[in-house]
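Chains as they are written, first to last, in my numbering: chain A, 1 to 322; chain B, 1001 to 1317.
We put the beta carbon where it would ideally sit given N, CA and C, even for glycine.
Predicted model only: the values in this text are computed from it and were never measured.
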Amino acid sequence: MTISHSSIVEKAVDATARATPVSVARRVRGLSDRAIAWLFIAPAITLLLAINIFPLLWAVYLSFTNYRANRPNAPVQGVGFGNYQRVLNDPDIWQAMQTTAHFVFWTIVLQTVIGFTLAYLIDRKFRGHAFWTTIILIPMMLSPAVVGNFWRFLYEPQIGLFAYAVSLVSGIPTSDIQMLGNVTLAPWAIIIVDTWMWTPYVMLICLAGLRSIPDYIYEAAEVDRASPWRQFWSITVPMALPFIMLAVLFRGIENFKMFDMVTLLTGGGPGSVTEVASITLKRAAFESWATGRASAFAIILFVAVFGLANIYVKALNKVKQR
Amino acid sequence: MSAANSAHSVVVPSLSSKRIAGTIVVIYALITLIPLVWIFLTSIKSPPDSISYPPKIVFTPSLEGYCNLFTTRTRQTPDYIASLPAPVGTCDEVTRKRNMVIAGPSNFLPRFLNSLVIAFGSTFLAVFLGTLAAYGFSRFKVPLADDLLFFILSTRMMPPIAVAIPIYLMYRELGLSDTALGMILLYTAVNVSLAVWLLKGFIDEIPREYEEAAMIDGYTRLQAFRKVVLPQATTGIAATAIFCLIFAWNEYAFAALLTSGEAQTAPPFIPTIIGEGGQDWPAVAAGTTIFLIPILVFTILLRKQLLRGITFGAVRK
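Structure, rendered in structure tokens:
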């Protein structure tokens, strides 16, 4: 638990100083390079250890106890892997994981398809493309909570703009367009808002990918008389793939943690059809006050994201090297 | 753009394909804008107009939303209102039309100020610490650099709720719960990872020769850092600062879990604005509009650096 954090930093800094050329160190007056490296890197690392790593280690410790944060004075007992067992055997938690996976899958599919298409179109460099690109980027810069709250208003069946627009186009009466109250529609209500908000993100990364493809490759393909279709599948897609994969990685991690938007739109309801992992976790930790069990769930989540991200990054590196 | 190669070339798209591409993108952009335009329109509607069906596109603008956002009101009888002295300001007049009188200021302004203090405080700290660390990583050979940098990045993979439990307990012990200082430290820790990654990229691009020349001229390394590197990195530092600011400004999960009153920021507060009979949508829209304006300005200022900022500098344009 109390691995000396400062020793890790010191080791790193010592190694730094040793590896820094002596000639430079000798030439300077005042502080040595070694001291400067230490002084410069240590504060940031210390802060991260104090506010990120220490809490994480504490959560690991709590996950093996029956501690309850609303009863700070009750005796704390170790329960071994009991919390982990309970979490892994809890059907509600598996349900939440499934819901989360469902969100992550559909948001990634929609955002990648729409985002890549938009990037491909913007890459044609039509007149005013820079202006319209900036407009499209606005939603992703906003606060998901504040925006989610306002979308709740747009979704209101009786007064909202969304139901009105849909009923105008499709002829379905607005009373049937209960986006947030209907068990089948509610998950899609969240997927729509997330896609509205984050498609620009994927688009921007795809655009960078498309712009990184050198023109001469297309020129060569042109000389070889490759059809536009062939050029698209043999040049554009493979060359942009590492960028698309990066966008998927970032969106995947973010959406796995999704909390604010769901809280404000549905709060997990109706029933628990939109209860994603973060909401289950919040309920366990701050409503049931089962701190130990919630910590065990948090650790499982973190290990899952970390593990999946690592495997994915390996695949990404393989694609890059091709 | 000769007719000969425009038929097949992807390098030089033909005029008509450009036009089709442009039209589709513009339509998408306009659809994207609808919710934002609707927020603004709702903010200048009267409460009955805001919830009328079908939704009103033509209406008489009203300042009620903004008045209701900044004040709390109580319902009074018409007789009582008639007995009061003449209205003193616009808001006074507006609320009396609905048989209300202003009871006092609302919590919006303090929450908004909290947002400002916490966002700017944490941004300043994160950029300060991040610049130092980035310089350290960029200029000194750090054998464990890759591991340390990955460690710094990995702190961002945790769901905020996962660390919120121990942070909640830790802050309770330290007396930092529901304080601006606690939130500043927390957001600084979250932002410092972004700041280090981004700034390392920017500083890597400044040639080492500049400092080496300065040091041969008799500057110490610290002086070279201050007088040569920092001025060169100004653009990068500014961009990093805005990204940190946007994150701290928009954050909800930690704010909702760790603050309850004193240090509450605007994102958890705005959804709680309640009027007579449910959510006061014009007031909510007014709060949302005011809250979004700085971000709109920053987005336009930042558009060139945007890609770097949102990908931790992993992708450079």
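Name, please, each residue of chain B whose Cβ falls closer than 8 Å to the Cβ of residue i.
i	result
A:R124	P1013, S1017, K1018, A1021, G1022
A:W196	T1032, P1035
A:S234	Within 8 Å Cβ-Cβ: nothing; A:S234 doesn't reach chain B, min ~12 Å.
A:N149	I1270, P1271, V1284, T1288
Determine the direct distance from the alpha carbon of residue j to that of residue i, and round the result to whole angstroms.
i	j	result
B:L1199	B:F1128	11 Å
A:A290	A:N66	8 Å
A:I36	A:F81	45 Å
A:M197	B:L1186	25 Å
A:H5	A:T46	Residue confidence for A:H5 is low, a pLDDT of 46 falling below 50, so the modelled location carries little weight and cannot support an answer.
B:I1270	B:P1282	12 Å
A:E222	A:R127	25 Å
B:T1188	B:K1045	38 Å
B:G1275	A:I93	36 Å
B:A1224	A:G269	58 Å
B:M1170	A:K282	17 Å
A:V273	A:T99	7 Å
A:P389	A:I108	Because chain A in this structure spans residues 1 to 322, residue 389 of chain A falls outside the shown range and cannot be described.
B:C1244	B:T1299	13 Å
B:E1064	A:L49	48 Å
A:N89	A:T117	42 Å
A:P228	A:F306	40 Å
B:P1047	B:D1079	23 Å
Assign residue i to one of two classes, buried (16 or more other C-beta atoms within 10 Å of its C-beta) or exposed (fewer than that).
i	result
A:D123	buried
B:T1305	Note on identity: in this sequence residue 1305 of chain B is Gln, with Thr being the wrong assignment. With 16 or more other Cβ atoms within 10 Å, it is buried.
B:V1094	buried
A:A309	buried
A:A186	buried
A:D260	buried
A:F297	buried
Taking C-beta pairs closer than 8 Å, name the residues in chain A that residue i reaches, listed in chain order.
i	result
B:S1154	F306
B:K1203	Position check: residue 1203 of chain B holds Ile in this sequence, whereas Lys was assumed. What B:I1203 touches in chain A: nothing, since even the nearest Cβ is about 11 Å away.
B:G1130	A44
B:M1170	F54, P55, W58
B:F1291	S143, V146
Give a yes or no on whether the minimum CB-CB distance between residue i and chain A is below 8 Å.
i	result
B:A1253	yes
B:I1274	no
B:W1197	no
B:V1297	no
B:I1310	yes
B:I1039	yes
B:F1140	yes
B:Y1066	no
B:T1179	no
B:V1025	yes
B:P1047	no
B:S1006	Legend: pLDDT at B:S1006 = 41, less than 50; position of this residue unreliable, value from coordinates given subsequently. No, no contact with chain A.
B:L1222	yes
Check this for me: beta carbons of residue i and residue j, under 8 Å apart or not?
i	j	result
B:P1159	A:S143	no
B:R1248	B:T1155	Reading off the sequence shown, one finds Ala at residue 1248 of chain B, where the question assumed Arg. Cβ atoms of B:A1248 and B:T1155: not closer than 8 Å.
A:A277	B:L1307	no
B:A1180	B:I1118	yes
What in chain A is Cβ-close to residue i, meaning under 7 Å?
i	result
B:A1286	Those within 7 Å of B:A1286 in chain A number zero; the least Cβ separation is about 11 Å.
B:G1136	A37, F40, I41
B:P1267	S143, A145, V146
B:I1300	T134
B:I1102	Here the premise fails: no neighbours, minimum Cβ distance about 25 Å.
Give a yes or no on whether 8 Å exceeds the smallest Cβ distance from residue i to chain B.
i	result
A:I108	no
A:L281	yes
A:M141	yes
A:V319	no
A:W289	no
A:V28	Confidence at A:V28 is low in this model, with a pLDDT of 46, below 50, so its placement is unreliable and no value can be given for it.
So which residues of chain B does residue i contact, with C-beta pairs closer than 9 Å?
i	result
A:S278	P1159, P1160, I1161, A1162, A1253
A:K257	M1157, M1158, P1159, P1160, I1161, A1162, A1253
A:S295	A1162, I1165, P1166
Please list, in chain order, the chain B residues whose beta carbon lies closer than 7 Å to that of residue i.
i	result
A:F153	W1281
A:R127	G1022
Going along chain A, which residues have a C-beta under 9 Å from residue i?
i	result
B:T1188	L47, I51
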